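Remarks on the structure that follows.
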Amino acid sequence: MGVPFYGHTFKLQDKNKHGIGAPIAGEGKTPHGEGDNAWYSEMCDLVKNKGWAKEDPDQGHDPISYHDVTWVGYDDPYAAYDKSTWVKENGYGGIIVWEITQDDFKPQCCSKSYPMLRAINHGLYGTGSGPETYGCEHK
1 MGVPFYGHTF KLQDKNKHGI GAPIAGEGKT PHGEGDNAWY SEMCDLVKNK GWAKEDPDQG
61 HDPISYHDVT WVGYDDPYAA YDKSTWVKEN GYGGIIVWEI TQDDFKPQCC SKSYPMLRAI
121 NHGLYGTGSG PETYGCEHK
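As structure tokens, this is what we get:
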């Protein structure tokens, strides 16, 4: 099971239509200005501190965020925890992540460093505390 520490950005055709399956006009711009992937650490900051909207349209499992015509689908610590718990409960061998430096390792947004890795470890091994204690963006 893969847990990306980034999200894919898209440019919406209409900023008022931002749900899953909304029409797009192509790739979006990332906050760091490279390609169409937004790092988790960036998404956390955009949602928590910069006024971006965040929704969990799939019963809290697959967060999306948007602002103006930029739309991003990404995993947050809650999604990482859910995936790792599913892996453990279904007898799979583990989790692959890409890319560790895109986690909030300093930390700049969350109150604890490496929230994505912490969530995965908590789901797989029961170590530490859950994502609700990391001080990141809301679920």
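Residues 1 to 139 in full-length UniProt numbering are what the sequence shown lists, from first letter to last. Quick reminder that beta carbons are idealized off the backbone N, C-alpha and C, glycines included. Here the structure is a predicted model, which is why all the values come from computation and not from measurement.
Between Thr85 and Gly128, which are expected to be in contact by the criterion C-beta below 8 Å, what is the C-beta distance as a whole number of angstroms?
Not a contact, Cβ separation roughly 14 Å.
For Ala11 and Trp71, I'd like the C-alpha separation in whole angstroms.
This sequence places Lys at residue 11; Ala is not what is there. Straight-line Cα distance between these residues: approximately 6 Å.
What are the residues that DSSP puts in a beta bridge with Trp71?
According to DSSP, which records beta bridges pairwise, Trp71 is partnered with Phe10, Tyr66.
Could you please give the first and the last residue of the uninterrupted alpha helix (DSSP H) stretch that includes Pro77?
Segment 77–89, the alpha helix (DSSP H) holding Pro77.
Please go through the same chain and pick out, in chain order, the residues whose beta-carbon is closer than 7 Å to the beta-carbon of Gly135, but skip the five residues on each side of it.
Closer than 7 Å at the Cβ level, and outside the excluded window around Gly135, lie Cys110, Ser111, Lys112.
Tyr66 to Lys54, Cα distance in whole Å?
Approximately 7 Å between the Cα atoms of the pair.
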